[in-house]
C-alpha cells in the first residue's frame, strides 16, 4: 500500500482536483472540455517532456520559451514564403536541436552552469526572434499547416496525438534504452558515471538537444494554433514546464523521477487553468489559487511518500 | 555725433525688435521615443501642423528607442533654452533624471503618450482608455439591441491599460441592463492566452453574443478559438488598439470592430498644451486624447 501511494501520490492529487472541479462546474467533466484541456496541455507537456530529460541529468533549460518563439518564427517565415511543409517544419526542428546542441556544448565543454548557460540562451534566442520577425507577427500560413494545430484525427485533436507519440517515445527511451539509463546515472552521480567509462558530456549534451528539438515541436503546434508566429510567443513557458516536471515527482537534484509523472504534472496545471476559467474566478485570485494548488499537490505527494 | 545717434538708434531697434520677435516665435522641443513606427510619425505630423498654426518653432528629436540618446538630445534642448520641452519617453523610469534636470533649468515639461514616474510634469497627454472602454460597450450595446451575454478578456492584471479599459467597458454596459457580462477572464494581452482562455470560456458558456478583448492580440486569439468551435455566427468580437492584423481582420469581417488611438490628435494637443504654458494659461494635469471606433 505504502508503495502504491509512493508511486501514485500525485495521481491522487490529480484525481482529487478533477473531482472537486466536476462538482463545482457542470461543463468541466464533458468529452468536449476534456479534449479541449488535452489540446491546451499539449504545448506545455511536450516542452516539459524535453525538460524532464534535462532535469534528470541534474540540469535545467531556461531557454525553452525563447527557442519556441525562434523556431516558430523560422517555420512561419519559410512557410509564408511558400516553402513546402517538410522544409519549414524540418528547418524549425533543426534550429531547435542546434540551439540545444549549443546549450549542451557550453555546459559540458565550457563548464558553465546550466542555469546561466540557458539563461543566456533565453535572451539570445528571444533577441534573435525579434530581429528575424522585426517585432511583428508572421502570418499567411498554408491550411495544411494550420491543420496540425486545429485539426482532428477521429475526434482526437492533432496536438494531442503528437503529445501522445512524444510521451510514448520518451517513456521507451528513458526506461528501455542505454541513453535513458545513462541519463538517470548522470543525474544520480555524475562522477561515478564518468569513472565507469560513460561519455558523460555526450549524453548530457544529447539531453539539451532533445529539449531544444521538443521546444521546436511545440512551436509547430502553437504557431499552427495561432495561425501565426508571434515574436513574444512562449514568454514564461520555462516556468510552467519546470513546474510540470517537479509536480510530476522528478527532483531538481536529478536522477530521480520519470516522464509519466511529467504528463500528469502538465495536466494538473492545464486542468487548473481550465477550471479557473470555467468558474469565472477573478484574475487577481487566479494566481493565488494556482500557486496554492501547486504547492498543496507537491506537499500531498511528499506526505504520501 | 549724428553717426553716434544712428548707432544708438540702431542698437535700440535691434534690442527691442529681436526680443519681440523671440517672444512671437517661442521654441518648443519635442523628444519622440522613435520615428521608426508609424504611430509616432503620425504624432510628429500632428505636432508639426499644430506648431505651424500656432506660430511656434518646433524642434523634433528622434530618440531611436534609446534612453541615453533621448537624455542627451534633451540636454541640448536645455542648452538652447527652449520655452517648453514635450517628451514622449522611451521609458517611464529612465526619463526621470532627465526631467529633474529640466526642472532644475526651470523649463516647463509636458509628457506625451507614456508618462514619467518622477520629476515635475505640468501636463500629460495620452489616450483616454476609460473612454475607449465606454465606446466599446456602446458599440456592443447598440449592436445587440441592449440584450445579450457578453464576455470580456482582460489584459495583464494590475496594468493601467487593463484597469481603465475594463472600468470603461463595465461603466458603459450599465446603460444596458439587459446585457449580462457572463465571464471576465484575464489573457494577459497575449494572443496564445486569448485563444486558450476563450476555448475554456466557450466550454462553460453555451450562449455568448459578443466578446470584448482589451487588446487586439487577445481578440485575434479569441477569434481563432471561436472559429475552431464553429460559433462565429453566434457572436462578434471587439478589440482595442487597431494594430495592422486587427485592421485586416476588421476588413475581412472576422473582427467586428477595434478602437484606434489618434496619434495626430495626441501631437496636436501636446503642442497646444505647450503654447498654453507659454502664454501662462491654465493647463489640466491630464489631457485625454479621444479614441476612434473602427468598423468595416
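Residue numbers (my numbering), protein chains in the order written: chain R, 53 to 357; chain H, 769 to 1064. Cβ atoms here follow ideal geometry from the backbone N, Cα and C, with glycine treated the same way.
>> For the stretch 1013-1025 of chain H, list every residue whose C-beta sits within 8 Å of some C-beta in chain R, in sequence order.
In response: 1013
> Given a threshold of 16 other Cβ atoms within 10 Å of its Cβ, counted over all protein chains shown, does residue 1044(H) qualify as buried or as exposed?
Replying inline: Residue numbering aside, residue 1044(H) sits at position 276 when the second chain is read from its first letter. Classification of residue 1044(H): buried, given that the 10 Å Cβ count is 16 or more.
> When you compare only the Cα positions, how much space is there between residue 873(H) and residue 881(H)?
Replying inline: Reading the second chain from its first residue, position 105 is the one you call residue 873(H). Reading the second chain from its first residue, position 113 is the one you call residue 881(H). Distance between the alpha carbons of residue 873(H) and residue 881(H): 24 Å.
>> List, in chain order, every chain H residue whose beta-carbon is nearer than 7 Å to that of residue 241(R).
In response: Position 189 of the first chain, counting from 1, holds the residue named residue 241(R). Per Cβ cutoff of 7 Å: no residues; residue 241(R) is ~40 Å from chain H at best.
>> Any beta carbon of chain H sitting closer than 7 Å to that of residue 330(R)?
In response: As a first step, residue 330(R) must be located in the first chain, where it is residue number 278. True, the Cβ-Cβ gap to chain H drops below 7 Å.
> Touch check for the stretch 1032-1049 of chain H and the stretch 1002-1009 of chain H: three-plus C-beta pairs under 8 Å?
Replying inline: no
>> Just checking: is the beta-carbon of residue 730(H) within a distance shorter than 7 Å of some beta-carbon in chain R?
In response: In the structure displayed, chain H extends from 769 to 1064; residue 730(H) sits before or after that span and is not available.
> Would residue 345(R) pass as a contact of residue 324(R) if the rule is Cβ separation under 7 Å?
Replying inline: For the purposes of this step, residue 345(R) is taken as residue 293 along the first chain, with counting starting at 1. For the purposes of this step, residue 324(R) is taken as residue 272 along the first chain, with counting starting at 1. Their beta carbons are under 7 Å apart, which means residue 345(R) touches residue 324(R) by this criterion.
> Given that a residue counts as buried once 16 or more other Cβ atoms are within 10 Å of its Cβ, and exposed if not, what is residue 975(H)?
Replying inline: To locate residue 975(H), count along the second chain from 1; it is residue 207. Residue 975(H) comes out exposed.
>> Three or more C-beta pairs under 8 Å: does that hold for the stretch 70-82 of chain R against the stretch 255-271 of chain R?
In response: no
>> Please list, in chain order, the chain H residues whose beta carbon lies closer than 8 Å to that of residue 206(R).
In response: For this step, residue 206(R) is matched to residue 154 along the first chain. The premise fails here: residue 206(R) is roughly 17 Å from chain H at the closest Cβ pair, so nothing lies under 8 Å.
> What's the gap between the Cα of residue 965(H) and the Cα of residue 947(H)?
Replying inline: Translated into the one-based positions of the second chain, residue 965(H) becomes position 197. Translated into the one-based positions of the second chain, residue 947(H) becomes position 179. Rounded to whole angstroms, residue 965(H) to residue 947(H) spans 21 Å at the Cα level.
> Quick check: the stretch 293-309 of chain R against the stretch 191-208 of chain R, are there 3 or more CB pairs under 8 Å?
Replying inline: no
> Within the chosen definition, does the stretch 283-294 of chain R reach the stretch 94-103 of chain R through at least 3 CB pairs nearer than 8 Å?
Replying inline: yes
> Closest Cβ-Cβ distance between residue 1141(H) and chain R: below 7 Å?
Replying inline: Nothing about residue 1141(H) can be reported from this structure: the residues present for chain H run from 769 to 1064 only.
>> Helix, strand or coil for residue 108(R)? Go by DSSP, reduced to three states.
In response: Taking the first chain and counting its residues from 1, the one referred to as residue 108(R) is at position 56. Of the three classes helix, strand and coil, the one that applies to residue 108(R) here is helix, per DSSP.
> Can you find a C-beta in chain R that's less than 7 Å from the C-beta of residue 1036(H)?
Replying inline: Counting from 1 along the second chain, the entry for residue 1036(H) is found at position 268. Judged by the 7 Å Cβ criterion, residue 1036(H) is not in contact with chain R.
> When you compare only the Cα positions, how much space is there between residue 268(R) and residue 68(R)?
Replying inline: Translated into positions along the first chain, residue 268(R) becomes position 216. Translated into positions along the first chain, residue 68(R) becomes position 16. Approximately 33 Å, taken between the alpha carbons.
>> Can you find the residues in the same chain that come closer than 6 Å, C-beta to C-beta, to residue 246(R), ignoring five residues on each side of it along the sequence?
In response: For the purposes of this step, residue 246(R) is identified with residue 194 of the first chain, where counting begins at 1. The residues are 252.
> Excluding five sequence neighbours on each side, which residues of the same chain lie with their C-beta closer than 8 Å to the C-beta of residue 1027(H)?
Replying inline: Reading the second chain from its first residue, position 259 is the one you call residue 1027(H). These residues qualify, in order along the chain: 900, 903, 904, 1006, 1007, 1008, 1009, 1010, 1059, 1060, 1061 and 1062.
> By how many angstroms is the C-alpha of residue 820(H) removed from the C-alpha of residue 174(R)?
Replying inline: Taking the first residue of the first chain as 1, we reach residue 174(R) at position 122. Taking the first residue of the second chain as 1, we reach residue 820(H) at position 52. So the alpha carbons of these two residues sit roughly 48 Å apart.
> From residue 125(R) to residue 202(R), what distance separates their C-alpha atoms?
Replying inline: As a working note, residue 125(R) is residue 73 in the first chain. As a working note, residue 202(R) is residue 150 in the first chain. Whole-angstrom Cα-Cα distance: 19 Å.
> Cα separation between residue 918(H) and residue 908(H)?
Replying inline: In the second chain, the residue the question calls residue 918(H) occupies position 150. In the second chain, the residue the question calls residue 908(H) occupies position 140. Computed Cα separation, rounded: 9 Å.
>> Between which residues of its own chain and residue 1014(H) is the CB-CB distance below 7 Å, once the five residues before and five after are set aside?
In response: Within the second chain, residue 1014(H) is the residue found at index 246, counting from 1. Closer than 7 Å at Cβ, skipping near neighbours: 984, 987, 988, 1007, 1023 and 1026.
>> Please state the DSSP three-state secondary structure of residue 813(H).
In response: Within the second chain, residue 813(H) is the residue found at index 45, counting from 1. DSSP places residue 813(H) in helix when its eight states are reduced to three.
>> Using only CA atoms, which one of 912(H), 926(H), 1012(H) and 796(H) lies nearest to residue 1098(H)?
In response: Since the first and last residues shown for chain H are 769 and 1064, residue 1098(H) lies out of range.
>> Between 143(R), 258(R) and 237(R), which has its C-alpha nearest residue 414(R)'s C-alpha?
In response: One cannot answer for residue 414(R) here, as it falls past the ends of chain R, which runs 53 to 357.
> Along chain H, in chain order, which residues have C-beta atoms closer than 9 Å to that of residue 202(R)?
Replying inline: Locating residue 202(R) in the first chain gives position 150, where the first residue counts as 1. In chain order: 992, 995 and 996.
>> For the stretch 303-327 of chain R, list every residue whose C-beta sits within 8 Å of some C-beta in chain H, in sequence order.
In response: 325 and 326
> Quick one: which chain R residues come within Cβ less than 8 Å of residue 981(H)?
Replying inline: Numbered from 1 along the second chain, position 213 holds the residue referred to as residue 981(H). Result: empty, since nearest Cβ-Cβ is about 14 Å, beyond 8 Å.
> What is the rounded straight-line gap between the Cα of residue 992(H) and the Cα of residue 198(R)?
Replying inline: The count along the second chain starts at 1 and reaches residue 992(H) at position 224. The count along the first chain starts at 1 and reaches residue 198(R) at position 146. Roughly 11 Å separates the two Cα atoms.
> What's the gap between the Cα of residue 1053(H) and the Cα of residue 890(H)?
Replying inline: Counting from one through the second chain, the residue named residue 1053(H) turns up at place 285. Counting from one through the second chain, the residue named residue 890(H) turns up at place 122. Approximately 6 Å between the Cα atoms of the pair.
>> At a CB distance below 8 Å, what residues from the stretch 334-351 of chain R approach chain H? Give them in sequence order.
In response: 334, 335, 336, 338 and 339
> Which chain H residues are close to residue 278(R), counting only those with a beta carbon under 7 Å from its beta carbon?
Replying inline: For the purposes of this step, residue 278(R) is identified with residue 226 of the first chain, where counting begins at 1. Correct list: 959, 960, 963, 989 and 992.
> For a contact meaning CB atoms closer than 9 Å, what does residue 952(H) contact in chain R?
Replying inline: Sequence index remark: in the second chain, residue 952(H) carries index 184 (1-based). What residue 952(H) touches in chain R: 332, 334 and 335.
> Which residues in the same chain as residue 963(H) place their Cβ atom closer than 6 Å to its Cβ, once the five residues preceding and following it in sequence are excluded?
Replying inline: Looking up residue 963(H) in the second chain gives position 195. Closer than 6 Å at the Cβ level, and outside the excluded window around residue 963(H), lie 989, 992 and 993.
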